[in-house]
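For reference, the structure discussed in these notes is given below.
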Amino acid sequence: MKLFGKMLIMAAGFFITATDNAFSQVAQTPPMGWNSYNCFGSAVHEDEVKANADYVAKHLKKFGWQYVVVDFLWSYDNPVGSKIGNPYQMQLQDGSYVPWLTMDEWGRLVPHSHKFPSAFGGKGFKPLSDYVHGLGLKFGIHVMRGIPRQAVWSKSPVLGANGITADMIADTSSKCTWMNHMYGLDMSKPGAQEYLNSILKLYASWEVDFIKVDDIARPYHTAEVEGYEKAIEKSGRSMPLSISPGETALSATNHVKQHTSMWRMADDFWDNWEMILHMFNYAKSWEGTGAPGHWPDCDMIQIGKLSKRGPVGPERYSRFNEDELYTHMNFWCLYRSPLMLGGNLPENRALELKLFTNEEVLAVNQQGENPRQLYKKDGSMVWVSQVSGSKDMYIGLFNISDSAQEVAIAFADLKWKGVVKVRDLWKKTNLGEFKKKYTQKINAHGSVLLRLTLN
Numbered sequence: 079m080k081l082f083g084k085m086l087i088m089a090a091g092f093f094i095t096a097t098d099n100a101f102s103q104v105a106q107t108p109p110m111g112w113n114s115y116n117c118f119g120s121a122v123h124e125d126e127v128k129a130n131a132d133y134v135a136k137h138l139k140k141f142g143w144q145y146v147v148v149d150f151l152w153s154y155d156n157p158v159g160s161k162i163g164n165p166y167q168m169q170l171q172d173g174s175y176v177p178w179l180t181m182d183e184w185g186r187l188v189p190h191s192h193k194f195p196s197a198f199g200g201k202g203f204k205p206l207s208d209y210v211h212g213l214g215l216k217f218g219i220h221v222m223r224g225i226p227r228q229a230v231w232s233k234s235p236v237l238g239a240n241g242i243t244a245d246m247i248a249d250t251s252s253k254c255t256w257m258n259h260m261y262g263l264d265m266s267k268p269g270a271q272e273y274l275n276s277i278l279k280l281y282a283s284w285e286v287d288f289i290k291v292d293d294i295a296r297p298y299h300t301a302e303v304e305g306y307e308k309a310i311e312k313s314g315r316s317m318p319l320s321i322s323p324g325e326t327a328l329s330a331t332n333h334v335k336q337h338t339s340m341w342r343m344a345d346d347f348w349d350n351w352e353m354i355l356h357m358f359n360y361a362k363s364w365e366g367t368g369a370p371g372h373w374p375d376c377d378m379i380q381i382g383k384l385s386k387r388g389p390v391g392p393e394r395y396s397r398f399n400e401d402e403l404y405t406h407m408n409f410w411c412l413y414r415s416p417l418m419l420g421g422n423l424p425e426n427r428a429l430e431l432k433l434f435t436n437e438e439v440l441a442v443n444q445q446g447e448n449p450r451q452l453y454k455k456d457g458s459m460v461w462v463s464q465v466s467g468s469k470d471m472y473i474g475l476f477n478i479s480d481s482a483q484e485v486a487i488a489f490a491d492l493k494w495k496g497v498v499k500v501r502d503l504w505k506k507t508n509l510g511e512f513k514k515k516y517t518q519k520i521n522a523h524g525s526v527l528l529r530l531t532l533n
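If you're matching positions, the sequence shown starts at 79 in the working numbering and goes up one per residue.
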């Protein structure tokens, strides 16, 4: 029962008042997992999802990685071996659409059985979800904001809204600028919330654990964000709500923190050093907004085998050099961004596995508190966060210049006096005890991640 923005939860015979909403009870730490987009675009197939899930279960689960997320256009027919292509529908003279997305009688998209054979016969994603759950992992999906244009054309009835059809709730002026499959929903219309309730009820029946809604954060669609939140709560299934793409407007800070679990700060991030530099700036703008239940999102981890079928550039291992790979991982962890791996995991080499399985580094992401920039000057940058339940500090020293240089942390900047023990988290080695400051020479675009203890 909700009262004045607070939820009363019955537990062990007592009423507990929880602030915010259902999202304050999920994503207590930044979600960690794998997403199909960066390696397969719109063309991922069921066997590839299973192969990546198998890898997570075998190699990564014990380190906290748990979500397996099928990204966009799972209802679109990509033949085996096809690339992302140009996923547009063509409208015919009679108003119908080609290709016809796989859709049920209620205007709800369902998985295409060419890509997901286990969905045949109306089973949806339940068999694949069962497979992922059988590995001890969680299953997630990507959806586009709104309602399919083909549902509007066919006047599909809305489940749970007697006499209302898709054309009566669509906002045909609200369109995605980069894909023409959907119209937005006019949430003021009777039946619009019922449509969202119906699709989340369907996802709950598939036992979906995570939902990523695209084309909703930029521009920020306030009413539809709230609509998805309400539908998730009504579904009866706990699902973190991720929204994309950025740049999410800073003016939406209070709303997005209350109504979502994670939100994109920037547009799609790829394996380009300039994009890392821009991400530092986005992160500074959103500094202080992350907390249990809601997290600013730097986007997916661009490490490993990327773009096997698009969507950006040729098939390749990440273009980041080794120093940049560590900087990428260090900053995402220190900032407490959600960690979603974007590469095809079965093709990981020893380096990728090493980057994803250091428990001391991952603890920075899962257990740090209040990440903040200490300073940025002269081609160097220092970010810090508090070690949960301790007076210790996590420290990231970043050389963002194009040549090697020394980067220092002055202990006075932490308001510390005395001897400080310094530990390198990647090397899992204590570097010694220091007074006043710690300095290290770092390669161009490189970084180090430290834990500091005041003796």
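Think of the CB as a built atom: it goes at the ideal place given N, C-alpha and C, for glycine as much as any other residue.
Distance from the CA atom of A428 to the CA atom of T435, rounded to whole angstroms, is 11 Å.
Contact between P108 and S415 holds: their C-beta atoms lie close to 6 Å from each other, under 8 Å. Unbroken alpha helix (DSSP H) stretches of 4 residues or longer found wholly inside the segment 395 to 426: 400 to 413, given in chain order. A Cβ-Cβ distance of about 15 Å is found for the pair V465 and I487, leaving them out of contact under the 8 Å criterion. For V291, the enclosing beta strand (DSSP E) has its first and last residue at 288 to 292. Segment contact: the segment 307 to 323 against the segment 267 to 284, three or more CB-CB distances shorter than 8 Å; contact assigned. Taking S463 as the centre and dropping the five residues before and after it, the same chain places the C-beta of L412, R414, V442, G446, E447, N448, P449, R450, M471, Y472 closer than 8 Å to its C-beta, in chain order. Within the same chain, Cβ atoms closer than 7 Å to the Cβ of T326 are found at A295, R296, Y298, V334, W341, R342, M343, the five residues on either side in sequence being excluded. Take the alpha-carbon of T243 and the one of C254: they are about 21 Å apart. In the DSSP assignment, I219 falls within the beta strand (DSSP E) that extends over 216 to 222. With distances taken between CA atoms, L237 lies nearest to D182 out of K216, Y209, D182, G262. Here V498 is near F489, since their CB atoms are less than 8 Å apart.
Between the segment 112 to 123 and the segment 172 to 189 there are fewer than three C-beta pairs closer than 8 Å, too few to call the two in contact. As computed with DSSP, K454 is found in a beta bridge with M459. Comparing alpha-carbon positions, the option among L528, K493, N521, W494 lying closest to T507 turns out to be L528. Around the C-beta of Y175, 16 or more other C-beta atoms lie within 10 Å, and the residue is accordingly described as buried.
Sorting W494, W504, G420 by C-alpha distance to the C-alpha of D401 places W504 at the top. Boundaries around W231 are those of the alpha helix (DSSP H), 227 to 231, since no beta strand (DSSP E) includes it. Spatial neighbours of E511 in its own chain (CB-CB distance under 8 Å, excluding positions within 5 residues in sequence) are listed in chain order as V497, V498, K499, V500, N533. Contact annotation: I379 and W410 have beta-carbon atoms nearer than 8 Å. Burial is judged here by how many other beta carbons sit within 10 angstroms of a residue's own beta carbon; S153 has at least 16 and is buried.
Remark: C-beta atoms of I289 and I225 do not approach each other more closely than 8 Å. The straight-line gap separating the alpha-carbon atoms of S363 and A105 is approximately 22 Å. The continuous alpha helix (DSSP H) containing Y281 extends over residues 270 to 283. When the Cα atoms are used, P374 and Q444 turn out to be separated by approximately 14 Å. DSSP places D249 in the strand class (E or B) of the three-state scheme.
With the rule of 3 Cβ pairs closer than 8 Å, the segment 253 to 268 does not count as touching the segment 190 to 198. Judged by DSSP in its simplified three-state form, G111 adopts strand. Rounded to the nearest angstrom, the Cβ distance from N130 to L423 is 5 Å, consistent with a contact under 8 Å.
By the criterion of a C-beta distance shorter than 7 Å, E124 is surrounded in its chain by K193, F194, P195, S196, L206, once the five residues flanking it on both sides are discounted.
Counting along the chain, A129 sits inside the alpha helix (DSSP H) bounded by residues 124 to 133. Under the DSSP assignment, P205 falls in the alpha helix (DSSP H) whose first and last residues are 204 to 212. Rounded to whole angstroms, E365 and Q483 show a C-alpha spacing of 26 Å. For A488, the enclosing beta strand (DSSP E) stretches over residues 483 to 488. With respect to Y166, M110 sits apart: the two C-beta atoms are not nearer than 8 Å.
Scanning its chain for C-beta atoms nearer than 6 Å, with the 5 sequence neighbours on each side dropped, one finds around G391 the residues S385, in chain order.
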